[in-house]
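Chemist: The sequence shown begins at 349 in this note's numbering and counts up by one. All C-beta atoms in this analysis are idealised placements derived from N, C-alpha and C, irrespective of residue type, glycine included. Right, I'll just put the structure down here and ask away after.
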Amino acid sequence: QGERWRKLRTHVQEKMMKPKSVTVYLKDQEAVADDMINAIYRMKNSDMEVNDMRDFLYRFAAESIGVVCFDTRLETFNSIGVKSEVENLVSAIKALMTITYNETKGLPLYLLFNTPTMRRMTEVMTYIRNLAEKYAEKAIQKSRDFTCSTEDMQGNLIPYLLSKEELTLTDVITIITEFFFAGVDTTAHFLCYTLKSLADHQEVQEKLFQEIESLLPNKSPVTQEALLNAKYLKAFIKEAHRFHQITGGTCRTLNEDVICSGYHIPKGTFVAVHTHWSCTQEIYHMNPEQFLPERWLRESRSETRHPYASLFFGIGARSCVGRRFADQESLLAIIKILQNFKVEYHHEEFTSLRSITLTPTSPLQFRFVDRQRAC
Numbered sequence: 349q350g351e352r353w354r355k356l357r358t359h360v361q362e363k364m365m366k367p368k369s370v371t372v373y374l375k376d377q378e379a380v381a382d383d384m385i386n387a388i389y390r391m392k393n394s395d396m397e398v399n400d401m402r403d404f405l406y407r408f409a410a411e412s413i414g415v416v417c418f419d420t421r422l423e424t425f426n427s428i429g430v431k432s433e434v435e436n437l438v439s440a441i442k443a444l445m446t447i448t449y450n451e452t453k454g455l456p457l458y459l460l461f462n463t464p465t466m467r468r469m470t471e472v473m474t475y476i477r478n479l480a481e482k483y484a485e486k487a488i489q490k491s492r493d494f495t496c497s498t499e500d501m502q503g504n505l506i507p508y509l510l511s512k513e514e515l516t517l518t519d520v521i522t523i524i525t526e527f528f529f530a531g532v533d534t535t536a537h538f539l540c541y542t543l544k545s546l547a548d549h550q551e552v553q554e555k556l557f558q559e560i561e562s563l564l565p566n567k568s569p570v571t572q573e574a575l576l577n578a579k580y581l582k583a584f585i586k587e588a589h590r591f592h593q594i595t596g597g598t599c600r601t602l603n604e605d606v607i608c609s610g611y612h613i614p615k616g617t618f619v620a621v622h623t624h625w626s627c628t629q630e631i632y633h634m635n636p637e638q639f640l641p642e643r644w645l646r647e648s649r650s651e652t653r654h655p656y657a658s659l660f661f662g663i664g665a666r667s668c669v670g671r672r673f674a675d676q677e678s679l680l681a682i683i684k685i686l687q688n689f690k691v692e693y694h695h696e697e698f699t700s701l702r703s704i705t706l707t708p709t710s711p712l713q714f715r716f717v718d719r720q721r722a723c
């Protein structure tokens with residue numbers, strides 16, 4: 349909040365919320381998705397399972413948003429089992445998720461004093477942030493070493509930010525680092541539950557596969573046209589957001605008094621918009637307990653939906669600035685996985701914790717059956 353936030357947000361929003369901004373990175377992010385698929389092929393065991401898909405999805409999310417923030421490939425899938433700075437980054441991201449889970453599952457003692465777990469969390473967050481700043485500084489220097497065309501400045505994030513005279517170098521590094529920091533856990537966790545929905549609803553998975561095959565036959569490279577026409581896939585993404593609600597809602601501290609539905613809410617009050625609740629109510633969604641991507645298809649829609657009942661990325665000036673990137677990464681991951689595998693799950697229901705995000709707390713041992721074998 350505040351004037352500095354407003355200045356930084358204005359420049360990021362006018363750039364990142366435009367459709368063209370995300371299409372610039374389509375091919376690079378598709379290459380990341382291809383690397384994940386190759387890693388699944390390499391790492392599957394005799395039961396055709398990956399020991400814990402969370403690890404792969406953290407790598408995929410970090411690598412995908414890293415392409416945008418750092419204008420380079422982190423090569424997270426090539427660092428598996430290798431001692432390196434990148435592998436330390438992946439380990440730190442996973443450690444942060446575990447620490448967050450451990451600190452939020454019990455009494456919030458961290459509100460009273462600096463607990464050992466909170467100190468460890470601060471240490472890990474500082475490590476990730478410092479490394480992200482290091483990569484950001486390298487990307488900025490690389491951009492300055494080359495003459496950028498007008499198209500580069502309008503397309504790629506870093507040249508665009510550097511072209512803004514109102515932004516200091518510190519501002520640019522802050523924007524890039526925060527964008528990276530925010531773009532890993534939510535995307536990775538969303539894809540965890542998306543895979544579970546695929547495994548639980550084989551008929552939905554088959555419809556998705558047929559649509560993908562019709563738009564991108566024989567594992568064709570992904571095009572912007574195909575993404576625009578993937579109606580059932582986009583409906584599936586929306587339903588996965590509604591069904592799982594990774595973030596649960598939006599929280600804000602009011603900077604002025606507000607009258608809401610006749611209630612006076614004073615300045616300084618912490619307010620949570622509980623979209624997880626609205627996404628599960630019969631008055632807003634027919635049969636909310638059922639996973640039905642069809643509810644989002646215009647031609648088969650049989651319910652009148654309240655426009656604010658499903659705000660997956662927020663709304664207005666404080667809405668998620670990375671939503672287009674999150675959607676593109678999710679679409680690419682699902683397309684590539686279904687082009688190559690049929691997804692199954694044959695273990696006990698995995699456990700979850702709702703803390704900052706909905707977080708899986710048990711290994712995700714999905715079975716990836718090769719499409720040739722599944723047919």
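Does DSSP put residue 700 in a helix, in a strand, or in coil?
Modeler: Reduced to three states, the DSSP call for residue 700 is strand.
Chemist: State the DSSP-derived secondary structure class of residue 608, mapped to helix, strand or coil.
Modeler: Of the three classes helix, strand and coil, the one that applies to residue 608 here is strand, per DSSP.
Chemist: Going by alpha carbons, who is nearest to residue 599 out of 589, 619 and 385?
Modeler: Of 589, 619 and 385, the residue nearest in Cα terms is 619.
Chemist: Report back the beta-carbon spacing between residue 580 and residue 554 to the nearest angstrom; my notes put them in contact at under 8 Å.
Modeler: Rounded, the Cβ-Cβ distance is 11 Å, inconsistent with contact.
Chemist: Between the C-alpha atoms of residue 573 and residue 565, what's the straight-line distance to the nearest angstrom?
Modeler: Each residue's alpha carbon lies about 14 Å from the other.
Chemist: Is the Cβ-Cβ distance between residue 691 and residue 547 less than 7 Å?
Modeler: Closer than 7 Å, so yes.
Chemist: Could you work out which residue in 716, 531 and 639 is closest to residue 678 when comparing CA atoms only?
Modeler: Taking only the C-alpha atoms, the option nearest residue 678 is 531.
Chemist: With DSSP as the reference, label residue 602 as helix, strand or coil.
Modeler: Residue state, collapsed to three classes: coil.
Chemist: Excluding five sequence neighbours on each side, which residues of the same chain lie with their C-beta closer than 6 Å to the C-beta of residue 484?
Modeler: Here the set comprises 521, 524 and 525.
Chemist: What are the partner residues of residue 402, as DSSP defines its beta bridges?
Modeler: Partner(s): none; residue 402 has no beta bridge.
Chemist: Taking only runs that begin and end inside the stretch 503 to 542, name each unbroken alpha helix (DSSP H) of 4 or more residues, in chain order.
Modeler: As far as the stretch 503 to 542 is concerned, its whole alpha helix (DSSP H) runs of at least 4 residues are 505 to 510 and 517 to 530.
Chemist: Which same chain residues end up closer than 7 Å to residue 644 when comparing Cβ atoms and leaving out the 5 residues on each side of it in sequence?
Modeler: Only 583, 586 and 587 meet the Cβ criterion.
Chemist: One question on the structure: do residue 376 and residue 415 come within less than 7 Å of each other, judged by their Cβ atoms?
Modeler: For residue 376 and residue 415, yes; Cβs fall inside 7 Å.
Chemist: Three-state secondary structure (DSSP) at residue 656?
Modeler: Reduced to three states, the DSSP call for residue 656 is coil.
Chemist: In whole angstroms, what is the alpha-carbon distance linking residue 712 and residue 411?
Modeler: For residue 712 and residue 411, the distance between alpha carbons rounds to 20 Å.
Chemist: Check residue 690 in the structure and name its three-state DSSP category.
Modeler: The answer is strand: DSSP assigns residue 690 an E or B state.
Chemist: Does residue 371 come out as helix, strand or coil in the three-state DSSP assignment?
Modeler: Correct three-state label for residue 371: helix.
Chemist: Let me check one thing: in DSSP terms, what residues is residue 334 bridge-paired to?
Modeler: Shown here, the chain extends from 349 to 723; a query on residue 334 therefore has no answer.
Chemist: Where does residue 637 sit, in a helix, a strand or coil, going by DSSP?
Modeler: Note: residue 637 maps to coil in three-state DSSP.
Chemist: For residue 606, is the classification buried or exposed, using 16 other Cβ atoms within 10 angstroms of its Cβ as the cut-off for buried?
Modeler: The residue is exposed, with fewer than 16 neighbouring Cβ atoms inside 10 Å.
Chemist: Tell me whether the beta-carbon of residue 534 lies closer than 7 Å to the beta-carbon of residue 705.
Modeler: Cβ atoms of residue 534 and residue 705: closer than 7 Å.
Chemist: Contact between the stretch 502 to 516 and the stretch 386 to 404: three or more CB pairs below 8 Å?
Modeler: Too few Cβ pairs lie closer than 8 Å, so no.
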